[in-house]
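To keep things clear, I will list the structure first and then write my remarks on it.
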């Protein structure tokens with residue numbers, strides 16, 4: 002029910018920047034420069050990361066959050082990796 | 195000319211460029227980064243495309259939407275800009291240990307000793323630009339100015355076009371530029387100063403350069419000499435690293451959304467500003483002797499006052515009590531637009547005890563700091579702040595900058611070839 006409600010909001014605002022916080026399943030490559038998201042599943046669809054545009058970090062208490070601004074299939078996503086819980090989230094979506 | 199080399203680098207349309215870097219779908223479109231997205235929220239940075247259509251810094255959200263209903267407006271995200279600035283400054287620290295971070299998007303680099311000619315300097319500028327694009331983001335551009343004084347370096351980068359550089363290697367070249375640019379384009383000369391200079395018969399930068407310095411000092415005092423010296427290529431301050439310029443004041447202000455003279459609400463907001471100020475004061479291992487606090491009213495006017503406190507301020511409670519005391523001397527009667535608090539006359543921590551044994555909850559304050567550091571800011575907060583926790587959020591100021599750790603041992607300089615190597 003909650004998921005459906007979120008999806009409605011996201012689809013309704015698809016032309017704008019939508020803020021959300023949804024846990025996602027993701028394939029990550031750990032390189033010498035750090036983790037790089039490769040592919041993730043969001044809203045029942047697989048998105049392959051085409052380009053990592055910006056990476057930045059934020060501290061939330063002892064938790065370190067690493068944000069990846071990525072483009073995948075003509076969409077923009079802001080992915081968040083919580084290094085404490087080792088969970089990944091989608092926090093922003095933008096579609097033209 | 196003295197054998198000094200000062201480089202000033204200024205990132206172009208910084209916050210908006212970072213947003214366009216993060217989201218390529220924003221590129222080639224007018225983008226405004228706002229303090230708040232409410233209609234009266236203010237644009238704090240606009241992209242090159244937005245500037246072209248008249249959406250500039252200071253434009254209100256509602257005005258921007260009137261100019262272009264399709265304009266993309268995003269709320270600022272301080273962590274994003276600070277992290278990007280850190281990466282850029284880290285690149286700078288590969289070339290010199292003497293870096294002055296002037297603001298979140300500007301820095302001075304003292305390259306004296308690391309380069310020996312302006313040709314080397316130009317090569318370095320090109321290299322820095324390339325590294326920023328490759329290592330931080332391809333959409334980020336900067337303007338650079340190279341000269342032998344700090345002022346001339348900034349003047350050069352200010353007047354050059356975006357994504358370009360200008361070197362001023364002689365006073366003759368500086369004079370050629372002075373003849374072409376308006377007085378207000380010079381760093382430190384705004385419309386009020388220009389008017390005062392006009393009253394002395396100074397109508398151009400060349401007039402100012404050639405004006406008798408004694409007469410300028412008579413009119414303006416020391417700043418008169420600084421103006422003259424800057425234009426004549428005499429160094430005043432030089433590049434000052436972060437260690438050489440400790441903070442003069444620590445403070446916060448907030449434009450409140452609920453513009454009412456409700457004392458409980460104002461008290462809660464003031465408490466939060468004091469909490470934030472206190473946290474930064476203790477993180478810097480400092481204590482303060484002077485407090486400055488007050489408010490601006492919606493329909494003009496306001497009340498600000500500073501006061502010297504006999505016992506140095508350290509805990510949030512002390513800061514709040516001192517600020518509230520100033521506040522209550524003249525409580526606002528009409529709608530309040532902005533609240534502000536700042537502590538100054540900062541001194542290193544003395545741990546001086548009070549002879550009259552007045553209780554000072556230092557350890558309690560430090561324990562609360564530890565909790566908030568571990569679990570996130572405002573995990574524990576005073577009861578008077580109840581209900582306003584989300585107000586006065588983290589904001590990025592242009593004059594606030596990030597800490598840099600110079601890497602002296604890895605400076606990319608090859609003496610044998612007299613070139614900068616990467």
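Protein chains in written order, with my numbering: chain A, 2 to 97; chain B, 195 to 616. Yeah, the Cβ is synthetic: ideal placement off N, Cα and C, and Gly gets one too. Source: prediction; values computed, not measured.
For a test of the three-state rule: what should DSSP assign to residue 613/B, helix, strand or coil? Counted from its first residue, the second chain places residue 613/B at position 419. At residue 613/B the pLDDT is 40, less than 50, meaning the model places this residue with poor confidence; the figure from the coordinates comes in the next sentence. Reduced to three states, the DSSP call for residue 613/B is strand.
Can you pull the chain B residues whose beta carbon is under 8 angstroms from the beta carbon of residue 58/A, in chain order? Here residue 58/A refers to the residue found at position 57 when the first chain is read from its first residue. Chain B residues near residue 58/A: 273, 277.
Which chain B residues are close to residue 63/A, counting only those with a beta carbon under 9 angstroms from its beta carbon? On the first chain, residue 63/A is found 62 positions in, with the first residue counted as 1. Correct list: 567, 568, 569, 570.
Inter-residue CB distance, residue 72/A and residue 51/A (contact presumed, cutoff 8 angstroms): Taking the first residue of the first chain as 1, we reach residue 72/A at position 71. Taking the first residue of the first chain as 1, we reach residue 51/A at position 50. In this structure, residue 72/A and residue 51/A form a Cβ contact; the two beta carbons are roughly 5 angstroms apart against a cut-off of 8 angstroms.
Quick one: list the residues of chain B neighbouring residue 95/A, beta-carbon separation under 7 angstroms, in chain order. Mapped onto the first chain, residue 95/A falls at position 94. Within 7 angstroms Cβ-Cβ: 217, 219.
C-alpha distance - residue 16/A paired with residue 571/B, whole-angstrom precision: For this step, residue 16/A is matched to residue 15 along the first chain. For this step, residue 571/B is matched to residue 377 along the second chain. Caution is warranted here: a pLDDT of 46 is assigned to residue 16/A, below 50, making its placement in the model unreliable, and no coordinate value can be reported.
When we look at the beta-carbon of residue 333/B and count the other beta-carbons within 10 Å, is it buried (16 or more) or exposed? Here residue 333/B corresponds to residue number 139 of the second chain, with the count starting at 1. By the 10 Å Cβ count, residue 333/B comes out buried.
With a Cβ-Cβ cutoff of 8 angstroms, do residue 435/B and residue 329/B count as a contact? By one-based count along the second chain, residue 435/B stands at place 241. By one-based count along the second chain, residue 329/B stands at place 135. No Cβ-Cβ contact shorter than 8 angstroms links residue 435/B with residue 329/B.
Listed in chain order, which residues of the region 76-89 of chain A have Cβ atoms closer than 9 angstroms to some Cβ of chain B? From the region 76-89 of chain A, only 76, 77, 79 have a Cβ closer than 9 angstroms to chain B.
Could you tell me whether any Cβ in chain B is nearer than 8 angstroms to the Cβ of residue 26/A? To locate residue 26/A, count along the first chain from 1; it is residue 25. The beta-carbon of residue 26/A is placed no less than 8 angstroms from the nearest beta-carbon of chain B.
Spell out whether any CB of chain B is found under 8 angstroms from the CB atom of residue 33/A. Start at 1 with the first residue of the first chain, and residue 33/A comes out as number 32. It does not; no Cβ of chain B falls within 8 angstroms.
Using a C-beta cutoff of 8 angstroms, does residue 72/A count as contacting chain B? The residue given as residue 72/A occupies position 71 in the first chain. So, interface residue.
Return yes when the Cβ of residue 407/B is within less than 8 angstroms of the Cβ of residue 422/B, no when it is not. For the purposes of this step, residue 422/B is identified with residue 228 of the second chain, where counting begins at 1. For the purposes of this step, residue 407/B is identified with residue 213 of the second chain, where counting begins at 1. Yes, they are a contact pair.
Opposite residue 265/B in the DSSP bridges: which residues? As a position in the second chain, residue 265/B is number 71, starting the count at 1. Paired residues: none, contrary to the question.
For residue 504/B, which of helix, strand or coil comes out of DSSP? Within the second chain, the letter at position 310 stands for residue 504/B. Strand, per DSSP.
Return yes when the Cβ of residue 536/B is within less than 8 angstroms of the Cβ of residue 486/B, no when it is not. The residue you call residue 486/B lines up with position 292 of the second chain. The residue you call residue 536/B lines up with position 342 of the second chain. Against a cut-off of 8 angstroms, the Cβ pair of residue 536/B and residue 486/B comes out as a contact.
Does the Cβ of residue 214/B have 16 or more other Cβ atoms within 10 Å, making it buried, or fewer, making it exposed? Taking the first residue of the second chain as position 1, residue 214/B is located at position 20. Per the 10 Å Cβ criterion, buried.
Option nearest residue 397/B by Cα separation, candidates 472/B, 556/B, 409/B, 376/B: In the second chain, the residue the question calls residue 397/B occupies position 203. Of the candidates 472/B, 556/B, 409/B, 376/B, the one whose C-alpha sits nearest the C-alpha of residue 397/B is 376/B.
Residues bridged to residue 217/B by DSSP? Numbered from its first residue, the second chain carries residue 217/B at position 23. DSSP output for residue 217/B lists no bridge partner at all.
Any C-beta of chain A under 8 angstroms from that of residue 226/B: As a first step, residue 226/B is located in the second chain; it is residue number 32 there, counting from the start. Chain A, which has no Cβ nearer than 8 angstroms to the Cβ of residue 226/B, makes this no.
Burial state of residue 549/B, where buried means 16 or more other Cβ atoms lie within 10 Å: Residue mapping note: residue 549/B aligns to position 355 of the second chain, counting from 1. Under this definition residue 549/B is an exposed residue.
Closer than 7 angstroms by beta-carbon distance: list the chain A residues that pair up with residue 268/B, in chain order. Walking along the second chain from the start, residue 268/B turns up at place 74. Near residue 268/B (Cβ distances below 7 angstroms), the residues of chain A are 18.
Beta carbon of residue 35/A nearer than 8 angstroms to that of residue 569/B: Residue numbering aside, residue 35/A sits at position 34 when the first chain is read from its first letter. Residue numbering aside, residue 569/B sits at position 375 when the second chain is read from its first letter. Contact flag unset, no.
How many angstroms separate the CA atom of residue 260/B from the CA atom of residue 244/B? Residue numbering aside, residue 260/B sits at position 66 when the second chain is read from its first letter. Residue numbering aside, residue 244/B sits at position 50 when the second chain is read from its first letter. Each residue's alpha carbon lies about 13 angstroms from the other.
Quick one: Cα of residue 500/B to Cα of residue 476/B, how far? Your numbering for residue 500/B matches position 306 in the second chain. Your numbering for residue 476/B matches position 282 in the second chain. Computed Cα separation, rounded: 20 angstroms.
I'd like to know if residue 488/B contacts chain A, where contact means its C-beta is closer than 8 angstroms to some C-beta of that chain. Translated into the one-based positions of the second chain, residue 488/B becomes position 294. No, residue 488/B does not count as interfacial toward chain A.
Going straight from the alpha carbon of residue 305/B to that of residue 353/B, what length do you get? Translated into the one-based positions of the second chain, residue 305/B becomes position 111. Translated into the one-based positions of the second chain, residue 353/B becomes position 159. If you take the alpha carbons of residue 305/B and residue 353/B, they lie about 21 angstroms apart.
Quick one: is residue 205/B near chain A, going by C-beta distance under 8 angstroms? Translated into positions along the second chain, residue 205/B becomes position 11. Chain A contact via Cβ: absent.
Using alpha carbons as the reference points, say which of 526/B, 470/B, 267/B, 440/B lies closest to residue 221/B. Residue mapping note: residue 221/B aligns to position 27 of the second chain, counting from 1. Taking residue 221/B as reference, the option from 526/B, 470/B, 267/B, 440/B with the minimal CA-CA separation is 267/B.
Less than 7 angstroms separating the Cβ of residue 229/B from some heavy atom of the ligand COA? No copy of the ligand COA occurs in the structure displayed, which carries no ligand at all.
Could you check where the beta strand (DSSP E) with residue 197/B kicks off and where it finishes? Position 3 of the second chain holds residue 197/B. Looking at the DSSP string, residue 197/B is not in any beta strand (DSSP E), and its letter there is neither H nor E.
For residue 381/B, does the three-state DSSP call read helix, strand or coil? Start at 1 with the first residue of the second chain, and residue 381/B comes out as number 187. The answer is coil: DSSP assigns residue 381/B none of H, G, I, E or B.
Counting beta carbon pairs with one atom in the region 264-283 of chain B and one in the region 224-235 of chain B, are three or more of them shorter than 8 angstroms? Touching, per the Cβ criterion.
Check whether chain A comes within 8 angstroms of residue 331/B, counting only Cβ atoms and requiring the distance to be less than that. Position 137 of the second chain holds residue 331/B. Judged by the 8 angstroms Cβ criterion, residue 331/B is in contact with chain A.
Neighbourhood of residue 53/A by C-beta, 8 angstroms cutoff - its chain only, sequence neighbours within 5 removed: Position 52 of the first chain, counted from the first residue, corresponds to residue 53/A. If the five residues before and after residue 53/A are omitted, its C-beta is found closer than 8 angstroms to the C-beta atoms of 37, 38, 69, 70, 71, all from its own chain and listed in chain order.
Where the alpha helix (DSSP H) through residue 324/B begins and ends: Working through the second chain from its first residue, we reach residue 324/B at position 130. According to the DSSP assignment, residue 324/B belongs to the alpha helix (DSSP H) that extends over 312-325.
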